[in-house]
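The sequence shown finishes on residue 364 if you use full-length UniProt numbering, and the numbering steps up by one all the way, no holes. Notes follow the structure.
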Amino acid sequence: MQPFNKYYPPDWTPEKGSVNKFVGKHPLGDRARKIDQGILVVRFELPFNIWCTSCNNHVGKGVRYNAEKKKIGNYYSTPIWQFRMRCHLCSHWIEIHTDPKNTEFVVIDGAKRKVEEWKEEDTEVIKLQDQETKEKLESDPIYRLEHGVKDKQVEKESLPKLTQLQHLQESQWSDPYARSQQLRRKFREQKKLDKLENDETEKLRDKHSLHIPLLPESSNDRLEAKKVDYSDPNEIEQRKLEKSVSGLFSKTSTKKNTATLSSSTTTTSNAARDLRDRAAMRTRLKTDPFLQQSSSGSSTGLFRKKNDESKLNNVMVRPNKKIRIDKDNDQEGNKNTNNKPSSSNGLVSYASSSSSDDDEDDEG
1 MQPFNKYYPP
11 DWTPEKGSVN
21 KFVGKHPLGD
31 RARKIDQGIL
41 VVRFELPFNI
51 WCTSCNNHVG
61 KGVRYNAEKK
71 KIGNYYSTPI
81 WQFRMRCHLC
91 SHWIEIHTDP
101 KNTEFVVIDG
111 AKRKVEEWKE
121 EDTEVIKLQD
131 QETKEKLESD
141 PIYRLEHGVK
151 DKQVEKESLP
161 KLTQLQHLQE
171 SQWSDPYARS
181 QQLRRKFREQ
191 KKLDKLENDE
201 TEKLRDKHSL
211 HIPLLPESSN
221 DRLEAKKVDY
231 SDPNEIEQRK
241 LEKSVSGLFS
251 KTSTKKNTAT
261 LSSSTTTTSN
271 AARDLRDRAA
281 MRTRLKTDPF
291 LQQSSSGSST
301 GLFRKKNDES
311 KLNNVMVRPN
321 KKIRIDKDND
331 QEGNKNTNNK
341 PSSSNGLVSY
351 ASSSSSDDDE
361 DDEG
C-alpha cells in the first residue's frame, strides 16, 4: 500500500538514494522546517491547567498545540525537552520543560500553573499496600511467604461472609419484576403523600398571603410548638371573679394570682392550698349578697340564667318588684315599714320558695 500515490521523478533511479533525498525534502515534511536548529514541531497536550500571563485567561488541561520540541539538556542519561507554543487566545509564547528528576512538567515562561494539590485520601483511592510493605515483598522472600500464608487465612475467614452476601443478593433479586413492583408501589404512595403535603402548604400560603417557600416540619418545630401554652378563654373572667371574691388586703389573693401566673410554666405543688382557696371563694360567693348580684350579670361560667332568675344551691337571686304606694295608704305603709326592714335593690332574699309564693299571693 505504501507505493501507491507516491510520485517518482522520471530521472530518479534507485542508485541515487531515496526519493526525499533526491528531491531535497525531509521525510517529516513541514514539521521539520527547523530541523537544522534541532527543533521539531509536535502535537503537545497540556498536562495541567494554566493561566496565561499575557491575557490572564484560563487554559484547561488537555488543550492541544503545535509545539516546537527541542532538547536542551540531560538528567543523567534522560534528555530534558523544551516545548514552546503560542496561546490560542493572545498568540503569546508559552514555554514548558520536562523535569525527569521529579517526573513532571514545569512551566518556565508565559504562563503559571494552577495549583491543585490534594491527598490520596481526598480522591478516595484505596491503597492495597503501603510503600514499605511493597519493598519488603520485593526484597524479603521469608516475609513474602508469611504474607502469602496470612492472605490465605484472610480468604478463608472472609469466604463465609461473601457467600452470605451472595445468597442475600440472589434472594432479594431472584424476581426482578416483583421487586420492581414493590419499589414502584412505595414510590406511588410517597408521591401521594407529597402531593397532599404540597396542597396543604399552598392553602396555608394562600391563607396568609405568603410569597416564600415553606419548609417541611422538623423535630425542632415540634419541640418549639409544644413549649407554647395557650391560655383558657375563661381565664380572664376567672381572674376577675377571684379578685372580686378575695379581700382587698388578703394574702390568699396574692398567692392565688402568683399561682395562676406561674401555672403556664409549672404546676402548683401544694394541692391542699388550692383546694382551700376554691372552697373559700365559693363560700363567699354564697354568703355575700353583693357578689351574688354582681356575678349574676357576668358570664363566668358559674351561673346559668333561666326564666330571668339565678339559682345556686337553694339560694334565689332576683330583683325586687316595684310596689306602687297610694297616698291614702301612706300611713299604713309607714306602719308596715316600721315592722319590716326596708328592701333595697341589690339585697338578696333568702326566703324559701314557698314563702315567696305566699308573699306574691298577699300582694295580689
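Heads up, the beta-carbon is just placed ideally off N, CA and C, and yes, glycines get one too.
Which word fits residue i, buried or exposed, when buried means at least 16 other C-beta atoms lie within 10 angstroms of its C-beta?
i	result
Cys87	buried
Val23	exposed
Ser310	Reliability of the predicted coordinates at Ser310 is poor, the pLDDT of 42 falling under 50, and the value obtained from them is presented with this limitation in mind. Per the 10 Å Cβ criterion, buried.
Leu241	buried
Phe83	buried
Ile76	Checking the sequence shown, residue 76 turns out to be Tyr, not Ile. Answer is exposed; the Cβ neighbour count stays below 16.
Ala111	buried
Val59	buried
Tyr8	exposed
Ile94	buried
Ile96	buried
If we cut at 8 angstroms on Cβ distances, does residue i have a partner in chain D?
i	result
Leu223	Chain labels in this structure do not include chain D; a single protein chain is all it has.
Quick one: measure Cβ to Cβ for residue i and residue j, integer angstroms, because I've assumed they're closer than 8 angstroms.
i	j	result
Thr53	Trp81	At roughly 22 angstroms, the Cβ-Cβ gap does not stay under 8 angstroms, so Thr53 and Trp81 are not in contact.
Leu40	Lys61	With a Cβ gap of about 24 angstroms, Leu40 and Lys61 do not count as contacting.
Ile50	Lys101	Contact doesn't hold; Cβ gap of about 21 angstroms is too wide.
Lys71	Pro79	5 angstroms
Leu196	Arg205	That belief does not hold up - the Cβ atoms of Leu196 and Arg205 are roughly 15 angstroms apart, past 8 angstroms.
Phe48	Ala67	About 15 angstroms separates the two Cβ atoms, so there is no contact after all.
Could you give the distance in angstroms between the alpha-carbon of residue i and the alpha-carbon of residue j?
i	j	result
Asp140	Gln131	14 angstroms
Arg284	Tyr230	30 angstroms
Trp12	Ser18	9 angstroms
His26	Asn20	6 angstroms
residue 380	Ser218	Because the chain spans 1 through 364 in this model, residue 380 falls outside it and cannot be assessed.
Lys191	Ile108	59 angstroms
Pro176	Cys90	58 angstroms
Glu146	Lys136	11 angstroms
Lys119	Pro160	35 angstroms
Ile35	Val42	12 angstroms
Asp277	Leu193	52 angstroms
Arg188	Gln182	10 angstroms
Glu170	Ile212	48 angstroms
Glu124	Lys134	20 angstroms
Lys186	Pro216	20 angstroms
Arg33	Glu116	37 angstroms
Ala279	Asp221	41 angstroms
Val106	Asp30	28 angstroms
Glu200	Asp122	43 angstroms
Lys150	Ala178	43 angstroms
Ser174	Arg184	17 angstroms
Tyr65	Gly148	49 angstroms
Gln172	Leu165	11 angstroms
Gln129	Thr103	22 angstroms
Glu224	Asn56	54 angstroms
Ile142	Glu155	20 angstroms
Arg239	Met281	12 angstroms
Pro14	Gln37	30 angstroms
Leu168	Arg144	35 angstroms
Glu157	Glu138	26 angstroms
Leu210	Glu202	9 angstroms
His92	Val63	15 angstroms
Lys226	Leu162	49 angstroms
Lys16	Pro10	12 angstroms
Asn234	Asn198	37 angstroms
With hydrogens ignored, establish whether the beta-carbon of residue i is closer than 7 angstroms to any heavy atom of the ligand NAP.
i	result
Asp151	For the structure depicted, the ligand NAP is absent and the ligand set is empty, with no information on it obtainable.
Item to check | alpha helix (DSSP H) runs contained entirely in the region 101-183, provided each spans 4 or more residues | outcome: Correct list: 131-139 and 141-172.
Checklist entry - In chain order, which beta strand (DSSP E) runs of at least 3 residues are fully inside the region 35-77? => result Every beta strand (DSSP E) stretch that sits fully inside the region 35-77 and reaches 3 residues is listed by chain position as 39-45, 50-52 and 64-75.
Next on the checklist: Going residue by residue through the region 182-242, where are the continuous alpha helix (DSSP H) segments of at least 4 residues, counting only ones entirely within it?
Outcome noted: 219-227
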